[in-house]
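For the sequence shown, this note's numbering gives the first residue as 1, with consecutive numbering after it.
Report on the structure given below.
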Amino acid sequence: MKDDEFKGLPDDTDEWIRLLQSDDGRATREHLDAGRAIYYRDADTPIGLCIKKYPDGHRELVRFSVEHGEQFVSNLPPCVRLGLLDGTLDVRDDFNDPLPADLLDLFESVAKSAKAANDALDDALAFIDESNIRIERLTKAK
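The structure is reproduced here in structure tokens:
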């Protein structure tokens, strides 16, 4: 990571906790959409290891060392990630075992609805921002 990428990052732990608690997964989606892997840990990830997930969905256990950098440990099976509610869950790739078709359809429907709601909210917020700018201009013009 370049030094300029650290600008704007919080120094204190409380701010990091607040940012992590309010994480909406946007950075994860941006990295994966840009073709870059992400790194994370689950509660059951072995100590000293982390999970590397690639844009195509496959996952690996990796470790890092000063001497060797990133080291591959093993491949991991696909799994359910907490992306259903924000529309990022790929139900065809994110489950260990095959699911019944009607359940897959239901998950896809919920995921699409959640994504549509998030998109509508983004549009509404953008409209509000534009309206505020117009109002500001009108009040300054008077």
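Using N, Cα and C, we set each Cβ at its ideal position, and we do this for glycine too.
Keep in mind it's a predicted model, so treat the numbers as computed, not measured.
Cα-Cα, which of the options is closest to residue i?
{"i": "R36", "options": "K52, D24, G48 and S22", "result": "K52"}
{"i": "T45", "options": "Y54, L32, E60 and A117", "result": "E60"}
{"i": "D33", "options": "Y54, E136, A116 and D24", "result": "Y54"}
{"i": "K115", "options": "D12, I17 and D24", "result": "D24"}
{"i": "R144", "options": "L76, A141 and G57", "result": "For the chain, the structure presents residues 1 to 142; residue 144 sits outside this window and is missing."}
With DSSP as the reference, please indicate the residues paired to residue i in a beta bridge.
{"i": "S65", "result": "G69"}
{"i": "R59", "result": "K53 and L76"}
Would you give the residue range spanned by the beta strand (DSSP E) that residue i belongs to?
{"i": "I38", "result": "I38 to Y40"}
Give the range of the alpha helix (DSSP H) segment to which residue i is assigned.
{"i": "I135", "result": "A101 to A141"}
{"i": "L28", "result": "Reading off the sequence, residue 28 comes out as Thr, not Leu. Here the alpha helix (DSSP H) through T28 covers R26 to D33."}
Please report the distance separating the alpha-carbon of residue i from that of residue j.
{"i": "R134", "j": "D123", "result": "17 angstroms"}
{"i": "F127", "j": "L138", "result": "16 angstroms"}
{"i": "I38", "j": "L49", "result": "14 angstroms"}
{"i": "D65", "j": "S74", "result": "Reading off the sequence, residue 65 comes out as Ser, not Asp. So the alpha carbons of these two residues sit roughly 16 angstroms apart."}
{"i": "E130", "j": "D11", "result": "33 angstroms"}
{"i": "A120", "j": "R26", "result": "16 angstroms"}
{"i": "Q71", "j": "Y40", "result": "15 angstroms"}
{"i": "A111", "j": "V62", "result": "30 angstroms"}
{"i": "P100", "j": "S109", "result": "14 angstroms"}
{"i": "I17", "j": "P78", "result": "28 angstroms"}
{"i": "E15", "j": "K140", "result": "36 angstroms"}
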